[in-house]
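J.: Protein chains in written order, with my numbering: chain A, 1 to 120; chain B, 1 to 107.
Questions regarding the structure given below will be posed in turn.
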Amino acid sequence: EVQLVESGGDLVQPGGSLRLSCAVSGFTFSSNWMTWVRQVPGKGLEWVANINRDGSAKYYVDSVKGRFTISRDNAKNSIYLQMNSLIAEDTAVYYCARGGSDTSWYWRNWGQGTLVTVSS
Amino acid sequence: DIQMTQSPSSLSTSVGDRVTITCQASHDINNRLIWYLQKPGKAPKLLIYDASNLESGVPSRFSGSGSGTDFTFTISSLQPEDIGTYYCQQHGNFPITFGQGTRLDIK
Numbered sequence: 001e002v003q004l005v006e007s008g009g010d011l012v013q014p015g016g017s018l019r020l021s022c023a024v025s026g027f028t029f030s031s032n033w034m035t036w037v038r039q040v041p042g043k044g045l046e047w048v049a050n051i052n053r054d055g056s057a058k059y060y061v062d063s064v065k066g067r068f069t070i071s072r073d074n075a076k077n078s079i080y081l082q083m084n085s086l087i088a089e090d091t092a093v094y095y096c097a098r099g100g101s102d103t104s105w106y107w108r109n110w111g112q113g114t115l116v117t118v119s120s
Numbered sequence: 001d002i003q004m005t006q007s008p009s010s011l012s013t014s015v016g017d018r019v020t021i022t023c024q025a026s027h028d029i030n031n032r033l034i035w036y037l038q039k040p041g042k043a044p045k046l047l048i049y050d051a052s053n054l055e056s057g058v059p060s061r062f063s064g065s066g067s068g069t070d071f072t073f074t075i076s077s078l079q080p081e082d083i084g085t086y087y088c089q090q091h092g093n094f095p096i097t098f099g100q101g102t103r104l105d106i107k
């Protein structure tokens with residue numbers, strides 16, 4: 001069974017940092033692109049970042065470029081999202097999702113999400 | 001960025017009814033259109049990919065059509081378990097963008 005489990009969400013002050021993790025199981029992790037998608041509570045979905053299979057290619061939505069970094073550890077079957085210079089607009093549930101072998105344009109498997117709240 | 005406009009934003013209908021949701025892209029995205037259903041407190045679930053392809057395990061009452069800028073999602077006969085929020089998503093152009101969602105409930 002494919003499982004993705006996010007962790008690391010917390011309450012953080014504006015300007016602060018947080019690192020999210022997503023541990024996966026049930027598939028060959030190193031064969032898949034991975035993605036972070038976020039959702040402001042009660043609002044719509046926003047794609048945040050993609051990473052390719054070996055971590056050599058990373059893509060971000062403009063609103064997080066220069067502040068967020070996606071990474072992965074294929075030995076630990078995990079991806080990460082390092083979030084710096086957080087602002088109130090980053091408050092959201094963050095989902096990790098499993099992409100395909102060559103791209104990550106849509107997602108069949110998602111985690112349950114982890115809530116990040118940016119507030120003083 | 002490509003803007004995705006869903007209509008209607010909310011819908012209340014009866015079990016057994018036919019339901020239609022539309023999604024319009026601000027630019028041509030070919031057939032690169034996805035439909036998800038999200039239930040409260042849960043992650044989205046993939047229903048349709050590339051405009052008209054039914055995801056494995058998804059009931060055949062769900063269907064999708066369209067190409068270019070105009071897309072339609074249909075439930076042929078609404079069931080109680082179909083309530084939730086439906087989202088379209090495009091991957092024809094970077095960055096990936098979503099519609100604002102259509103909230104569907106039962107009368």
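All C-beta atoms in this analysis are idealised placements derived from N, C-alpha and C, irrespective of residue type, glycine included.
These numbers come from a predicted model, not from an experiment.
Taking the alpha-carbon of isoleucine 106(B) as reference, which of Leu33(B), Gln6(B), Thr85(B) and Ala43(B) has the nearest alpha-carbon?
T.: For the purposes of this step, residue 106(B) is taken as residue 106 along the second sequence, with counting starting at 1. Checking every option, the nearest Cα to that of isoleucine 106(B) belongs to Thr85(B).
J.: Could you check the C-alpha separation between arginine 61(B) and threonine 97(B) for me, to the nearest Å?
T.: Residue mapping note: residue 61(B) aligns to position 61 of the second sequence, counting from 1. Residue mapping note: residue 97(B) aligns to position 97 of the second sequence, counting from 1. Looking at the two C-alpha atoms, the distance is approximately 26 Å.
J.: Would you call the region 8-16 of chain A and the region 73-90 of chain A touching, i.e. three or more CB-CB distances under 8 Å?
T.: Contact between the region 8-16 of chain A and the region 73-90 of chain A is present, because at least three Cβ pairs lie under 8 Å.
J.: Going by the CB atoms, is the gap between phenylalanine 71(B) and aspartate 23(B) shorter than 8 Å?
T.: Sequence index remark: in the second sequence, residue 23(B) carries index 23 (1-based). Sequence index remark: in the second sequence, residue 71(B) carries index 71 (1-based). Before going further, note that residue 23(B) is cysteine rather than aspartate in the sequence given. Yes. Within cutoff.
J.: Would you give the residue range spanned by the beta strand (DSSP E) that glutamine 13(A) belongs to?
T.: Within the first sequence, the letter at position 13 stands for residue 13(A). Element bounds for glutamine 13(A): n/a, residue is neither H nor E.
J.: What number of angstroms, rounded off, separates the C-alpha of cysteine 22(A) from the C-alpha of glutamine 90(B)?
T.: Within the first sequence, the letter at position 22 stands for residue 22(A). Within the second sequence, the letter at position 90 stands for residue 90(B). The straight-line gap from Cα to Cα measures roughly 24 Å.
J.: Please state if the CB of arginine 67(A) and the CB of glycine 55(A) are separated by a distance shorter than 8 Å.
T.: Taking the first residue of the first sequence as 1, we reach residue 55(A) at position 55. Taking the first residue of the first sequence as 1, we reach residue 67(A) at position 67. No, these two residues do not count as a Cβ contact at 8 Å.
J.: Could you tell me whether any Cβ in chain D is nearer than 8 Å to the Cβ of tyrosine 86(B)?
T.: Considering every chain present, this structure includes no chain D. Its protein chains are A and B.
J.: Quick one: is leucine 11(A) buried, meaning 16 or more other Cβ sit within 10 Å of its Cβ, or exposed?
T.: Working through the first sequence from its first residue, we reach residue 11(A) at position 11. Looking at its Cβ environment, which holds fewer than 16 other Cβ atoms inside 10 Å, leucine 11(A) is exposed.
J.: In angstroms with no decimal places, state the Cα-to-Cα distance between glycine 16(B) and leucine 45(A).
T.: For the purposes of this step, residue 16(B) is taken as the residue at position 16 of the second sequence. For the purposes of this step, residue 45(A) is taken as the residue at position 45 of the first sequence. If you take the alpha carbons of glycine 16(B) and leucine 45(A), they lie about 29 Å apart.
J.: With which residues is lysine 45(B) paired in a DSSP beta bridge?
T.: Translated into positions along the second sequence, residue 45(B) becomes position 45. Bridge partners of lysine 45(B): Leu37(B).
J.: Any beta carbon of chain B sitting closer than 8 Å to that of glycine 44(A)?
T.: If you number the first sequence from 1, residue 44(A) lands on position 44. So yes, glycine 44(A) belongs to the interface.
J.: Determine the direct distance from the alpha carbon of glycine 113(A) to that of phenylalanine 73(B), and round the result to whole angstroms.
T.: Residue numbering aside, residue 73(B) sits at position 73 when the second sequence is read from its first letter. Residue numbering aside, residue 113(A) sits at position 113 when the first sequence is read from its first letter. Spanning the two alpha carbons is a distance of roughly 26 Å.
J.: Step through the CB atoms of chain A and report whether any lies within less than 8 Å of the CB of glutamine 24(B).
T.: Along the second sequence, read from residue 1 onward, the residue named residue 24(B) stands at position 24. By this cut-off, glutamine 24(B) is not an interface position.
J.: Ends of the beta strand (DSSP E) at isoleucine 96(B)?
T.: Taking the first residue of the second sequence as 1, we reach residue 96(B) at position 96. Per DSSP, isoleucine 96(B) belongs to no beta strand (DSSP E) and is neither H nor E.
J.: 8 Å is my cut-off, CB to CB: does valine 24(A) come that close to chain B?
T.: Position 24 of the first sequence, counted from the first residue, corresponds to residue 24(A). Valine 24(A) does not count as touching chain B.
J.: Cβ atoms of threonine 5(B) and glycine 99(B): under 8 Å apart, would you say?
T.: Position 99 of the second sequence, counted from the first residue, corresponds to residue 99(B). Position 5 of the second sequence, counted from the first residue, corresponds to residue 5(B). Contact flag set, yes.
J.: Cα separation between glycine 92(B) and glutamine 3(B)?
T.: Here the question's residue 92(B) lines up with position 92 in the second sequence. Here the question's residue 3(B) lines up with position 3 in the second sequence. The straight-line gap from Cα to Cα measures roughly 12 Å.
J.: Does the Cβ of isoleucine 87(A) have 16 or more other Cβ atoms within 10 Å, making it buried, or fewer, making it exposed?
T.: For the purposes of this step, residue 87(A) is identified with residue 87 of the first sequence, where counting begins at 1. Exposed: under 16 other Cβ atoms inside 10 Å.
J.: Please list, in chain order, the chain B residues whose beta carbon lies closer than 7 Å to that of tryptophan 107(A).
T.: Taking the first sequence and counting its residues from 1, the one referred to as residue 107(A) is at position 107. Chain B residues near tryptophan 107(A): Leu46.
J.: Verify whether the separation of the beta carbon atoms of threonine 102(B) and leucine 11(B) is less than 8 Å.
T.: For the purposes of this step, residue 102(B) is identified with residue 102 of the second sequence, where counting begins at 1. For the purposes of this step, residue 11(B) is identified with residue 11 of the second sequence, where counting begins at 1. A contact, by the Cβ cut-off of 8 Å.
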